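A.B. asks: Quick note: to get this note's numbering, add 164 to the position in the sequence shown (first position is 1).
One structure, pasted below without further comment.
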Amino acid sequence: MSRLGIVIPCYNEEAVFQESAKQLTDVIKDLIHKGKIDQNSFLLFVNDGSKDATWSLISREFEQNEYVYGLNLAGNVGHQNALMAGLLTAKDIADMCISIDADLQDDVSVIENMVDRFQEGCDIVYGVRSARKTDTFFKRTTAQGFYKVMKMMGVKSIYNHADYRLMSRRALEQLSHYKERNLFLRGIVPLIGYKTDCVYYERKERFAGESKYPLKKMVGFAFDGITSFSTKPMMMILAMGLFMVLISILAGIYAIRSYILGHVVGGWTSLILSLWFIGGLILFSLGLIGQYIGKIYIEVKERPRYNIEAFLQHEKEINEGEKEIR
Ligand code: UDP
Ligand code: MG
Numbered sequence: 165m166s167r168l169g170i171v172i173p174c175y176n177e178e179a180v181f182q183e184s185a186k187q188l189t190d191v192i193k194d195l196i197h198k199g200k201i202d203q204n205s206f207l208l209f210v211n212d213g214s215k216d217a218t219w220s221l222i223s224r225e226f227e228q229n230e231y232v233y234g235l236n237l238a239g240n241v242g243h244q245n246a247l248m249a250g251l252l253t254a255k256d257i258a259d260m261c262i263s264i265d266a267d268l269q270d271d272v273s274v275i276e277n278m279v280d281r282f283q284e285g286c287d288i289v290y291g292v293r294s295a296r297k298t299d300t301f302f303k304r305t306t307a308q309g310f311y312k313v314m315k316m317m318g319v320k321s322i323y324n325h326a327d328y329r330l331m332s333r334r335a336l337e338q339l340s341h342y343k344e345r346n347l348f349l350r351g352i353v354p355l356i357g358y359k360t361d362c363v364y365y366e367r368k369e370r371f372a373g374e375s376k377y378p379l380k381k382m383v384g385f386a387f388d389g390i391t392s393f394s395t396k397p398m399m400m401i402l403a404m405g406l407f408m409v410l411i412s413i414l415a416g417i418y419a420i421r422s423y424i425l426g427h428v429v430g431g432w433t434s435l436i437l438s439l440w441f442i443g444g445l446i447l448f449s450l451g452l453i454g455q456y457i458g459k460i461y462i463e464v465k466e467r468p469r470y471n472i473e474a475f476l477q478h479e480k481e482i483n484e485g486e487k488e489i490r
């Protein structure tokens with residue numbers, strides 16, 4: 165029987181933790197009862213350096229609930245890295261892992277469908293939102309704009325899929341070979357290949373607590389996604405530069421003609437204007453190129469993505485290989 169691990173990154177989620185743990189435990193119990201997953205299946209809550217009581221809630225739940233495991237990161241590393249920490253830890257003790265947000269905006273009832281697809285031989289199963297009715301208008305338009313821009317920029321990603329997905333151990337093994345620090349899992353996972361499928365659900369409202377992704381972070385996330393996966397912006401600058409050169413040649417011809425014909429006007433205005441314009445363009449381009457160099461700078465350092473402070477798992481599961489993690 166296959167062992168399932170559900171990985172849940174948590175950052176300041178004390179308001180939702182209890183309810184999430186309860187609902188997900190019910191799902192696990194139900195699947196075990198139906199004989200679809202192994203008895204040793206588990207929930208792995210990853211505490212991403214929360215400033216509130218999230219970790220003490222996780223450790224308390226760990227004491228009382230045999231299905232709950234906890235991973236405490238030494239500081240806040242962000243959603244993507246926290247997720248990676250959880251997945252890479254869980255892959256050694258599970259045959260398949262599902263990642264889901266702590267706020268349960270993603271419908272837990274499709275976990276069963278995901279597991280079914282896995283049994284049918286899929287290595288990756290994407291959870292795709294069929295409707296976003298409950299998201300605010302603002303969140304919906306910004307999020308959809310995000311997918312469209314990504315597509316335009318040539319980043320392969322699944323439309324309306326966030327980080328709710330199932331991955332088999334072998335897919336996770338493959339994922340662990342992607343060493344980049346600018347993590348954008350939605351862009352990497354489709355690169356892995358293997359047999360994939362989608363399950364559909366309606367996205368719900370956050371039932372408590374507030375979104376940890378305000379607009380500023382969303383824009384940053386989109387920018388990271390584009391600059392980590394696509395060099396199109398650089399091509400665009402190249403084209404723009406070429407265009408500007410052509411224009412200035414035309415302008416040059418015009419200037420020389422005026423000079424020969426003898427209308428030598430002051431020309432101060434046009435000069436100063438083009439000076440500013442071209443100056444701005446160069447600065448803009450430099451800034452953009454700088455973004456890529458910044459990324460290279462981060463990548464070459466090869467810093468660890470996260471630092472694990474503690475890993476709680478139930479004794480009965482510990483075998484030789486896993487003792488080291490503790
Ligand atoms: N999260 C995290 N680290 C962070 C920010 C968020 O682990 O620095 C987690 C958070 O606890 C939640 C998930 O990432 O489980 C998604 O965050 P949220 O629900 O706030 O995002 P939204 O659904 O609004 O896009
Ligand atoms: Mg959410």
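Here a beta-carbon is modelled for each residue, glycine too, at the ideal position from N, C-alpha and C.
On a predicted model such as this, the values are computed, not experimentally measured, just so you know.
#1: Just curious, the alpha helix (DSSP H) that Asn-211 is in, first and last residue?
#2: Pairs of beta-carbons, one from the region 222-235 and one from the region 292-309, closer than 8 Å: are there three or more?
#3: Anyone know if the C-beta pair for Glu-473 and Leu-251 falls short of 8 Å?
#4: By DSSP, does Glu-473 sit in helix, in strand, or in coil?
#5: Extract the residue ranges of the alpha helix (DSSP H) inside the region 295-329, only unbroken runs of 4 or more that lie entirely within it.
#6: Quick check: the region 272-285 against the region 174-194, are there 3 or more CB pairs under 8 Å?
#7: State the Cα-Cα distance for the pair Arg-490 and Gly-234, rounded to the nearest angstrom.
#8: Distance check for Trp-440 and Lys-215, CA to CA, integer angstroms please.
#9: State yes or no: is the C-beta of Ala-266 within less than 8 Å of the C-beta of Glu-177?
#10: List the DSSP bridge partners of Arg-293.
#11: How about Leu-504 and Asp-327: are their beta carbons less than 8 Å apart?
#12: Rounded C-beta distance between Ile-172 and Leu-208? I'm assuming under 8 Å.
#13: Count Cβ pairs between the region 287-298 and the region 199-206 that sit closer than 8 Å; are there 3 or more?
#14: Inspect the CB distances between the region 345-361 and the region 307-325 and report whether three or more fall short of 8 Å.
#15: In angstroms, rounded to a whole number, what distance separates the CA positions of Asp-194 and Lys-200?
#16: Could you give the first and the last residue of the continuous beta strand (DSSP E) run that contains Ile-262?
#17: Is the Cβ-Cβ distance between Arg-469 and Asn-240 less than 8 Å?
#18: Judging by CA-CA distance, which residue of Tyr-364, Ser-392, Arg-467, Val-210 is the nearest neighbour of Ser-294?
#19: Between Val-279, Tyr-377, Thr-395, Ala-419, which has its C-alpha nearest Asp-202's C-alpha?
#20: What do you get for Met-165, buried or exposed, if any count of 16 or more other CB atoms within 10 angstroms of its CB means buried?
#21: Taking the continuous alpha helix (DSSP H) assigned at Leu-379, which residues delimit it?
#22: Taking all protein chains shown into account, do 16 or more other C-beta atoms lie within 10 angstroms of the C-beta of Asn-471, making it buried, or fewer, making it exposed?
#23: The alpha helix (DSSP H) spanning Ile-257 covers which residue range?
#24: Along the chain, where does the alpha helix (DSSP H) that runs through Asn-277 open and close?
#25: Give the single residue among Cys-174, Glu-183, Ser-223, Ala-217 whose Cα lies nearest to the Cα of His-478.
#26: Taking C-alpha atoms, which residue in Met-314, Ile-356, Asn-324, Val-313 lies nearest to Arg-334?
#27: Please report the Cβ distance between Ala-258 and Gly-169, rounded to the nearest whole angstrom; I am assuming they are in contact, meaning their Cβ atoms lie under 8 Å.
#28: Examine the ligand MG and report whether any of its heavy atoms sits within less than 7 Å of the Cβ of Arg-350.
#29: If you follow the alpha helix (DSSP H) that Pro-468 is in, where does it begin and where does it stop?
#30: Does DSSP classify Gly-351 as helix, strand or coil?
#31: Ignore the nearest five residues each way along the sequence and tell me which others in Phe-393's own chain have a CB closer than 7 Å to its CB.
#32: Report yes if the CB atom of Tyr-456 is closer than 8 Å to the CB atom of Thr-391, and no otherwise.
#33: Roughly how many angstroms separate the alpha carbons of Arg-167 and Gly-285, rounded to a whole number?
#34: By the three-class DSSP mapping on this structure, what secondary structure does Gly-430 have?
C.D. replies: The structure says:
#1: That residue, Asn-211, is in no alpha helix (DSSP H); its beta strand (DSSP E) goes 206-211.
#2: Fewer than three pairs of CB atoms, one per stretch, sit closer than 8 Å, so the region 222-235 makes no contact with the region 292-309.
#3: Against a cut-off of 8 Å, the Cβ pair of Leu-251 and Glu-473 comes out as no contact.
#4: strand
#5: 301-316
#6: Touching, per the Cβ criterion.
#7: With a pLDDT of only 43 at Arg-490, under the threshold of 50, the placement of this residue in the model should not be trusted; the figure read from the coordinates follows. Cα to Cα, the separation comes out at about 12 Å.
#8: 47 Å
#9: yes
#10: Tyr-365
#11: Since the first residue shown for the chain is 165 and the last is 490, residue 504 is missing from the structure and cannot be characterised.
#12: With 8 Å as the limit, Ile-172 and Leu-208 qualify as a contact, their Cβ atoms being about 7 Å apart.
#13: no
#14: yes
#15: Going from the Cα of Asp-194 to the Cα of Lys-200 covers about 9 Å.
#16: 260-263
#17: Against a cut-off of 8 Å, the Cβ pair of Asn-240 and Arg-469 comes out as no contact.
#18: Tyr-364
#19: Val-279
#20: exposed
#21: In the DSSP assignment, Leu-379 falls within the alpha helix (DSSP H) that extends over 379-393.
#22: Answer is exposed; the Cβ neighbour count stays below 16.
#23: Here Ile-257 belongs to no alpha helix (DSSP H), and DSSP marks it neither H nor E.
#24: 275-283
#25: Ser-223
#26: Among Met-314, Ile-356, Asn-324, Val-313, the Cα nearest to that of Arg-334 belongs to Ile-356.
#27: 3 Å
#28: no
#29: For Pro-468, no alpha helix (DSSP H) run applies, since DSSP gives it neither H nor E.
#30: helix
#31: The beta carbon of Phe-393 is closer than 7 Å to those of Val-319, Phe-348, Gly-351 in its chain, skipping five residues each way along the sequence.
#32: Cβ atoms of Tyr-456 and Thr-391: closer than 8 Å.
#33: 15 Å
#34: coil
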